[in-house]
Every structure is written in structure tokens, then in C-alpha cells.
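Listed in order, the protein sequences are those of chains A and B. If you count by my numbering, then the first sequence holds residues 49 to 696, one letter each, in order. If you count by my numbering, then the second sequence holds residues 49 to 696, one letter each, in order. One structure below.
2 protein chains.
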Amino acid sequence: MRKLQVIFHPSHRKGETSSGGTILKVAQELGIGIESVCGGQKACGKCKIKLEKGFFERYGFTSHPEHLSPFTKKEEKFISEAEKEDGYRLGCAAQIIGDVLIFVPEVSLTGIQMIRKGSMEREIDIKPAVSLCYLELAPPTHHYPLGDLDRIKNTLFEKYDFASLDIYYYTLLKIPDTLRKGNWNVTVAIWMRKQIIDIKPGRVEEAYGLAIDIGTTTVAGYLCNLYTGKIIASESIMNPQIIFGEDVMSRITYTMTHSEDGLEKMHNSIIKGLNQLIRQITEKAGLTFEDILELTIVGNTAMHHCLLKITPQYLGVSPFPPAIQQSLNMKARDLGLAVHPSANVYILPIEGGFVGADNVGVIIAEKPYNEEMKVLMIDIGTNGELVMGSHEKLISCSCATGPAFEGAHIKFGMRAAFGAIERVKIYPKTYDVKFEVIGKEDCNSESSCPKAKGICGSGIIDAIAELYRTGIIDKRGRFRDYIQTPRLKRVNGELEFVIAWENETSIGREITITQQDVRNVQLAKGALYAGAKLMMKKLGIEKLDKVVLAGAFGSFINVENAMILGMFPDCDLAKVYAVGNAAGDGARMALVNINKRAEAEQIGRQVKYIELSIEDDFQDEFVNAMLIPHARDPFPHLKSIVSDEILD
Amino acid sequence: MRKLQVIFHPSHRKGETSSGGTILKVAQELGIGIESVCGGQKACGKCKIKLEKGFFERYGFTSHPEHLSPFTKKEEKFISEAEKEDGYRLGCAAQIIGDVLIFVPEVSLTGIQMIRKGSMEREIDIKPAVSLCYLELAPPTHHYPLGDLDRIKNTLFEKYDFASLDIYYYTLLKIPDTLRKGNWNVTVAIWMRKQIIDIKPGRVEEAYGLAIDIGTTTVAGYLCNLYTGKIIASESIMNPQIIFGEDVMSRITYTMTHSEDGLEKMHNSIIKGLNQLIRQITEKAGLTFEDILELTIVGNTAMHHCLLKITPQYLGVSPFPPAIQQSLNMKARDLGLAVHPSANVYILPIEGGFVGADNVGVIIAEKPYNEEMKVLMIDIGTNGELVMGSHEKLISCSCATGPAFEGAHIKFGMRAAFGAIERVKIYPKTYDVKFEVIGKEDCNSESSCPKAKGICGSGIIDAIAELYRTGIIDKRGRFRDYIQTPRLKRVNGELEFVIAWENETSIGREITITQQDVRNVQLAKGALYAGAKLMMKKLGIEKLDKVVLAGAFGSFINVENAMILGMFPDCDLAKVYAVGNAAGDGARMALVNINKRAEAEQIGRQVKYIELSIEDDFQDEFVNAMLIPHARDPFPHLKSIVSDEILD
């Protein structure tokens, strides 16, 4: 009997099962941490998951609601009608009877969710694009029979000094009835002192907006009160475009190989995803879609273009010009977003083909343009985006790091999910290894603890830095084959170092770091380092005063090890900061403060993008940067933590 | 066997027929002049008509394509696939086999088409809203990898001094491909120095726009070259809303009695009609809908509101405030108009609930605000709209004339269509009558000449003025029963005057003017006159220097007789002008000259609307104005043409 395929997103883990197993059971077998307080008794509702409908080309199967056992009475208690429509089920109730693709929402994931796009507490000045004005109007008379809108505009001018306002068509339609419903007392919402975008009867004092960060993998939304800046609710979903390709280049390729409808499909899929996010987040906040009067969006250039249904094909061809760099204000309804019909969406500007609006978000959140210090900002995703400079000048570049830091192209690499080794310590001399596995801290007993399944980005960085610090590999990244330890062994002629013994893993074999793994990480970190070095040269900077690590990845790595490895040039470790999802923070700040939009606009125009591949010294820098930490550079701040013998 | 119903629009004539007769035959029986050069041989294609599909509540039947005999081979020669889709047939080929509503397009009508909204030759200054800019751009390089739009904007700034332009979303989508298709040489269309609305490869030097006049009965379109102001094509259609009610009040009532979907139906119907007009007019001009980059629209306040899908219900309730008075710029696509997706539509401002954007169109075409002379402008439709003043001040009012001038509420009244008596002359003493019938001038032989079927507005005015001038009726409008003529006879106790003897008509009976007809005309003209008198009082004007008659009706009446009747106060007859469809002219002028929009905006704000019904002396004025020409006013300019005996 054919095994059924089960794919879990956003972790992308693939499993096989026989008919009849529950989703929860298969997830547990695969080491995917789905919440289950009641232990699968259908009593706690924590293991809510979502069946993704459709044919998935990359997996070669169709995922269909009927590939799960029928919806049960017990699930009704936890799953609303709308959720049911969308494919939600309880993982412990739904039995797999056909191939399925299952999305595990953030809320149902256990343990550290490194894909989560968190948002930092930041001080945000408030100056929203939308103003609410309460008006008490005189009803029309024969002597003053002025038109309804004209009456509103006169009062707005007299009372609030608003001149030359226009009105968006869909708001105009509401005016006559709303005026009479409110007995001529109404609250009017005005966008950017330019346009009347809403009218409600009576006095209204709260207005809401939504900041969105469209990542290649994850889309995060922050529903904010526009007047306090407070986050009312946040929510993230998988970027549904993932079925068209996992990384940016494969999605661009998809639109080119499917020139008929590829772009349209990708566009429709992200719009549908955003509308799902909007529905979830407004429900969570007890609001409706019409309460969202303003949106801001960040994302990398390809996500940005696909969102707008602009062909991304020229982003893939030298010299990679984007279709538009400046920011864009447009009506959300023209994009098909289900918010207030007159809501504006502000899409942050992009810096270039490879440095997108997400990077602009990071910059306005971190404000290096206000710094005296020379700052390097690193945002590592599939590409590494670097920004360097100070209040004098800022430049940016994009480094082709490849996906090694995300666990790809690494023998036992995996995403930062349940069961991944995320921390590694190697003891000198004994070469003993201590490691930590994601999910371990939440388990109650030894037996329920996750065993290692693979090794994720932060674990890989740790492992290679420790291999180097303990002298197991040399500057060139080569294993010193004379070192005596049973952990260093030759497999098929190649040296590998054992991080976890077979009995410490759940995959029935040892988890190792291979010579090839080390090479791949050297390539990735070399690209980052060479980029940073070239930028320093361009700017005439000798020494960095501050390094900022943006993005979820940056928040979880051991910065000391990252520097030992040579991911970035020498810097006082006390001045290396992880700032989490700064792109999302930038979107939120632009949402509630229009001055931040002006700053973004500046940035989009002023940050000079450096195309590394055409720089003369790039190849040379890159070769030198492949070494650990670097062929020629001094690392004074490493002296205290790494022995001279190793460093020299 | 049940007779089949046939309704002809725009004349609204109703007929009955047995199954099998052709449309042409039934039309001829009813006296509707449909062109037929070949005499029904299906050889000339002139008798093209259109079957209107749908259930028509006011007629109580469904008109369906299958209610006509099947489409014949011979018709293919004259009727395109698209026209066939729309219900076009040849009148001589289509046999009636069920109830049908037939629209006779202007082009197929014979004789004087008084419903035609003609357009005058006027001098128009050119200053269109849309500018075309040809750009030769440098392709992107690694050293100048600027975004496509940003590249265009930089060049527009450098070459044409355009600063802070934005772009409409749908145009943005075309940019990357168009730039490459044009090999970086493109023509960009810019709206109001504000927004990029189109991009085309290579050099483009012509741009087109469409001015639309939405009348209660007829919708006229003028397709113009925006750079020369020339009319490229003009076209008119029946206002399809006519099935919801013939006049403004009945349409407002329809939206109120059908609160669920009445407004939506009316809105959809006019949008569909406009799209039909757009298709016809662009085909005629050899253009496509995407060539229309700008539109202007005029119409009375109710038409204006229904076009916008704004409830007109408050227009029907004192103090009749409109929802919006100011002009409106909006995207045509937000209205559902099938033109260029980024085209703007400028909807002229309205003066008040009863004086609409059509009147503003008349004013900007005639420019009384530039006149030293005291001008009275009269636009007679179902309501009479009056504007009075000079460069110092302008006021407007609306007079409830009722539909008498359109032939309604008149015993033998009819619209100005084939067979209508349009001119009447009565000889003093002998009381002989000479009259002219619409369609007569085009007939070749006596037998083919149309006989009278009724009497239309201009004929009614002539008839009553002549009855008064010859002393058959007195100042009070009463028939002098002592006058000896066989034409004055008593029918059911009431006096009537015979205009056409039975043998001169095609309806098998005499056509007369009754005492009640005279009363109804007195009411209508009294309303106009009283309005004008009150306006003169308000403005402190003793004497009018000029009278302007706008609209098709004004073009066809005998102004001398109109003054004898007392439709307007005394004025030198050499200073009374008929200006045709000045509302449409105003729309055209606003289309090609944005200064005219600024003038319209001024007008909309500055023309003071006078609500007659609340004026203290209105009732008194009205009673005096019922008399012919007026109870107390002197008419020095009539002295030469009407005997003193009659006048005093």
C-alpha cells in the first residue's frame, strides 16, 4: 500500500504515513512541535492546524480537504465556521487519508519559534497619516442649501483649517445617509490633510492601521492603534507563494517560465494570503476589516514587485533595475486588499534590485543616519543585505551568501525548528561536545525531550567556530587529521566531526559536520565579510563602531562565534546588537508616524547601492575572507577569547 | 389572436401589430421615420435598429431577441458581429413575432431629429489636462541602476520641469515592458502636471478625450482631439434609465420605492449605456477605448447623482440639498467606464438640487460672467432652469414648468418626432391655419409626405401665441366664444380650436388645441416668467439686454411667439439667441481647456441659487404671469408685431 505524503509548513518537513494516523501523531514523529496540552484528547483545542488546498507542483500532489477524515463534532468547539471554510482542523482529530500539505500556525507551534517575526518595544513618535475630526454641522435650509460634502468641507476649513481637500469616491457614497444617521454630527477621517476617506455618525476617537512585513517565507502583520502606536494584535502566516519556489530567484524564475499567468498567480496568492492575515488579525482584535484605515508594507524587491503584480523578470537580469524605487501610496482596494474601501497603503521605497523595502524598514528603525558611529547593519536571509555608514553617508550591498545559514547545503542542516541543534560547545583537548536542541527547554521529563534531528543556522555557526577555536580545523577550514578523537572520522574518504552520537539523535544516525559543510559556510561568511570590507574601503572606514544584526536569524546566533568565524569585521563585542525583526518595526513606525515615511523616502534615494560583482577587488577580498576569521585582518577584540596560537 | 406590442424609443410611440410584420412596416404605420433608401429591399442597410433586451416594467412585457425572426444572411452585410451581439437588426428584415422594444438610432431616423443634441462651432482655447512628453532615456547600467519609474521621473524633471509626479497603479504595471519595447524611447502622458497616466513605446503625438452630456432623455458624446479641440466623432443614445421613469422626479421616486436595488439598477444602466456610447463613438473614429485619456461629464443633479450611485432621495425632500456641489475628479474605472484604465473623469460642479452640472456647462459656454449686459439664460427641459445676471453677479433658479413644452399634458401633444406639427400660423380675420409637419421637407411626392400625428412643443407655443395674436383667446387664455369660425367648436362642453382637419392628419381625427391645453401652457410659461421676474427684482434689473435659449427646444421655437406668449420678459428680439446644446458645448470646452474647469468651479460656488417656492412674492408674480403675455408688464418690443388692441 502506497504511503501517504504529509508536508508540514512553514518548516517544510516531509513525512510519510499510512492511512489513519492523525496529523498530531505524524507531526510528533517528525519532531514538529505542535501544542497539545490535553495530549490529543480533543479537549484543549491547542493543536489547531490548517490544510492548504490545491495542487502543489513541487511536491507533485494535490492537498484536498477530503484527504482528511470528516470534521467532527468535538472540533466545532474550537474551530469557527470561517476557520473551517479556510481548512482549519484539530491536529489530534483529523486523520490523514490522502496526501496533504499542512500549515502549522504560529500559535500552535511549541517551543522557540525562530521563524516568528517578533517586534521589539521601541519608542515611536506618533504622527499618523489619518486624522479624525468630529463635526457638528448645521442642517441644510432653504437659505443655506449647500451640498452635503461642501457643508462638511466648509466646517473642516473653519474649524480645523483643512483647505483643498478632495474625497475618495467610495467615501462620497456614504455621505448623505451618514450625515442624516448622525443627525448632522459626524466624525470624518482625513488622509494626509488631502483626502476625506471615511465618515461615521457621531463621535469616533480610535483609528487603526496595519503594518505588514512580507518575507520570502513568512508574512507578519501588526495591527496598531494609530493614535497610541500600540500593537493591538499581531499575526503571521506562511507566505503562500512558497509553493512557487522557496527563494527569491526561484520565484522570479517561476514568473518567467510561466509567462502566461505565473505573475498573476503569485500576485493573487500573496493577496489572498494577506486577506487571510487581515481577517485573522482583525478577529483577534475584535475589529472588522473596515476598521483598517491605513496600511504600510515592507518586503524585499521581488516580494514588492509580485505584490504589485509588476513583472520581476528584469530583477533577474544585469544590471537588475527595479521597476520603481520610490515609495508608493495607493488605494488598498486597487490591490484587492479587503480593508476599508478608501484605505491607503503606503509601500516603502526600495534601494535597488537586491536591497528592498524591508531593508529600508530596518534602516528607519535603526536610524544609522542619525549616528556619529560607523555602523554595519547585517540582515541575513537567503541573501545577506549590508548597510554601512553614519550620519555622513550610507551605502548598501547584497551578498550572495547562499542558504547555508538557513541550514540548506549542509549535510544535516535544517531550519530552526523543533529538534534542531541550535547551540554547540566543543571542549578543548577532550573534544567533548555539548549541544542544545530546540524544544528541550519546554519538556517536562527526559523521555519527552526532543532528540536532535539536524542542525540549524546558529548551531552551524557555533559548531564551526568551536571547531576552529579548539584547533580541530585550521584557518583554511581544513580538518587537522592528526587530531586524536573518535569524533573525527573519515566517511567515504572525507573527514567529518560528530556533533551528536547516534543515541543522541532521533534519526537513527550520527549528526556530523563535514568538510563540505565547512566549505559552504566559509563561502557564505566570506561573501558577507568581503562585502563589509569593500564597503569599509569605499567609505574610508578603518574600524566599525557598532554592528547591528537584524532579522530573526541575527537574534539567535552567538555573536562571539559569529565574529570568530569571521562573518563581520572586528568590533567591540559589547557593541554588537541583535535587533530582531527591525524591518517589521520600520513598517510599524512608518504606519504611525509620517515623518518616518519622509525618512524612508530619503533613504531610498540616498543610500548608495554597491554592486559587489563589478568591484575590482571583490574577488581578492572574497578569497581572503574565506579564511577563518580572515587571511590578513587583525581581530583585536578576539584576542581575549581565542588563543593566540589559533589566531596566528 | 393577441396583438403584439411594439414600443419605439426614443420617440416612445407604442404600436400593435399582428405576428409577421417587419419593424420598418410597423414604424411607417406609426409615422416613425426610419431611413429606407432601397424601400425595404435589404439592399441599403439604412434602416438599422436595435432590439432592447429585458423586462420593461412600465410596458409590462419582456423584449427578447427571439421575439424577432431569425437573423438573415442579407443582414450580415450591414451588421457587424459586435452590433449583432448588441441586438442590431435591419428594420426591413426583422419580422415581429413577439413583444419588442425597439430603439431607433439617430443615424436611422429620417427628417429633423430634434432630439439630437447638436454642438455649435465655438472658439475654444486649448489647454488640456493631459500632456504628452516624449522621452529618450539612458538604459540602466551597474553604475546608474536607477529604477524604471525613477528614471522616467528624473528625465521628466530635467527636460520638462515636472516635479513631484505620482503614478497611477495601472500605469505603473506597464512601465518595465513598455520601456524595453520602445528601446528606452517612450511617450508619457501626464495628467494635470500631477500624475503619470500612460506610457507608450516611441513617439506619440495625439491624445483624445470624451465630453458627455447626460440628459434625462438623451445622452450625447463628443470625442475630441485634446490638442486641437476638434470633434472627431459625435454620437447620441437614448438614456437607458428611461425605463425607470420618463422624468427626473419619477426616477428619484423609483430609487425610493426600490430601496434595495433601485439606485444600483439605475446606476448600472447609465454606465452600461455610456459604455455602449464609448464603443460606438470610438469605432466611428477608428480608435479604441484605451485611446480615451480624459472625460468630462455634465448632467442635471439627479442624473449626476445616479451616475455616481449617490442616493438622489434627498433631492426630492425640502430643502433639496445635493450630496456634492463641487466638481469631482475621479478615475473613470472606479465608475466602471470602459476607457483607458488610468483615465480621469472630470464631473462638472452643480449649483444645487435643481440646477445641475448641465447648467454649469451652459454658463461656461455662454460666459455671462464676462458680460456687461444683463443676460437671462433659459434652459427648458422638463424643468426650466434660469440663470440671470452679468459680470457683477449671477443667480439661478429652477421653475416647475411641467412637461407641457415637451408635449405632455396636451391633448394632441407629442414629442418633436416625425409627424409632429412644429410650426403654426393663424391668419387674422379668416382664422385660416397653416402648419408644418416634421418630416415634410424630406419627402419627394405629396403621397409620401407625413400627415400630422400630433403637435410638439414649438407647435404648441406657435399655436397659442397665434390664437392670442388673432384674438381667438384673450389675455386670460380664454377662448372668445363669440368668434365666428368653424374651427372653434365645443366638444363635451369645452371649446377647442382645430389646427388640422381630419383629412390633414394620419390619426383619423382632427388635431385641436383645447381650453385645458391653453391652461397648461399658461401654467408652464407663467412659472418661467415669474421666475425671471423675481430674479430681476433680486438683482435690481429693470430690463434685460439679452436672452439666451439653451437646449434643443430653444433652438426650434419661434422666439417672437415665445415672447408674445410671455415665456420671458420683454427684450429686443434681435438680442434673443438660441444656442443649441450649450451644456454639451460646456463639457467639450472643459474637456480641452482646464481654465474652463476653474471657471466652472467658480460658477458652482458663486451662482446663488434662489428657491422660488419660499419667496414671498412668488405666488403673486405667478398669478400675474399666467396672463398672456403678462398682467401688468409692458412689452415695448412686441408693439410692432402685435396690435395694440390685443396687447392692452
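Ideal Cβ positions, reconstructed from N, Cα and C, are used throughout, including at glycine.
- Shown here for A:I589: same chain residues with a beta carbon closer than 6 Å to its own, the five before and five after excluded, namely K422 in chain order.
- In terms of beta-carbon proximity, A:M378 lines the interface with chain B, with at least one pair separated by less than 8 Å.
- About 5 Å separates the Cβ atoms of A:L592 and A:C619, confirming a contact at the 8 Å cut-off.
- Put simply, the CB of B:P224 is near chain A, with a gap under 8 Å to one of its CB atoms.
- With a threshold of 8 Å between beta carbons, A:K357 makes contact with chain B.
- Excluding residues up to 5 positions away in sequence, Y417, N418, E419 and E420 lie with their Cβ nearer than 7 Å to the Cβ of B:H439 in the same chain.
- When secondary structure is reduced to three states using DSSP, B:S661 falls in the helix class.
- The beta carbon of B:A371 sits closer than 8 Å to some beta carbon of chain A.
- Within 8 Å of the CB of A:T189, the CB atoms of chain B belong to P367, in sequence order along the chain.
- As far as DSSP is concerned, A:E253 takes part in no beta bridge.
- With respect to the 8 Å criterion, B:G93 and B:P397 are not classified as neighbours on the basis of their beta carbons.
- Between B:S444 and B:I658 the beta-carbon gap is near 7 Å, inside 8 Å, which marks them as a contact.
- Per DSSP, the unbroken beta strand (DSSP E) holding A:Q53 starts and ends at L52 to H57.
- A Cβ-Cβ contact shorter than 8 Å links A:H190 with B:I662.
- Where B:S111 is concerned, the enclosing beta strand (DSSP E) starts and stops at F109 to S111.
- In the pairwise beta carbon analysis, the region 406-416 of chain B is classified as touching the region 625-636 of chain B: at least three pairs are separated by under 8 Å.
- When C-beta atoms of the region 363-383 of chain A are compared with those of the region 329-336 of chain A, fewer than three pairs fall below 8 Å, so the two segments do not count as touching.
- Rounded to the nearest whole angstrom, the CA to CA distance from B:R471 to B:A511 is 8 Å.
- Against chain B, the CB of A:Y479 has no partner CB under 8 Å away; the residue lies outside that interface.
- Rounded to whole angstroms, the separation of the alpha carbons of A:Q243 and A:L213 is 5 Å.
- The Cβ of A:Q374 sits closer than 8 Å to at least one Cβ of chain B.
- By the C-beta criterion, the region 343-361 of chain A is judged to be in contact with the region 221-232 of chain B, since at least 3 inter-stretch pairs fall below 8 Å.
- In the structure shown, A:S603 adopts helical secondary structure according to DSSP, grouped into three states.
- Residue environment for B:E454: buried (at least 16 other C-beta atoms within 10 angstroms of its C-beta).
- Judged by pairs of C-beta atoms under 8 Å, the region 665-681 of chain A does not touch the region 120-134 of chain B, as fewer than three such pairs exist.
- Here the region 365-376 of chain B makes no contact with the region 311-327 of chain B; the two share fewer than three CB pairs at distances below 8 Å.
- For A:F292, the three-state secondary structure derived from DSSP is helix.
- By the criterion of a C-beta distance shorter than 6 Å, B:F683 is surrounded in its chain by D618 and P677, once the five residues flanking it on both sides are discounted.
- In its chain, beyond the 5 residues on either side, I223, P224 and L227 have a beta carbon closer than 7 Å to the beta carbon of A:D196.
- A buried status is given to A:S390, since no fewer than 16 other beta-carbon atoms sit within 10 Å of its beta-carbon.
- Here A:Y275 carries a coil assignment [DSSP, helix/strand/coil].
- Straight across, the Cα-Cα distance linking B:A141 with B:P153 is about 16 Å.
- D196, L197 and D198: these are the residues of the region 196-212 of chain A whose beta carbon lies less than 7 Å from some beta carbon of chain B, given in chain order.
- Residue range K594 to A598 is occupied by the beta strand (DSSP E) that includes B:L597.
- Counting only the Cα atoms, A:M286 lies some 6 Å from A:V267.
- Burial of B:E283 is indicated by the presence of at least 16 other C-beta atoms within 10 angstroms of its C-beta.
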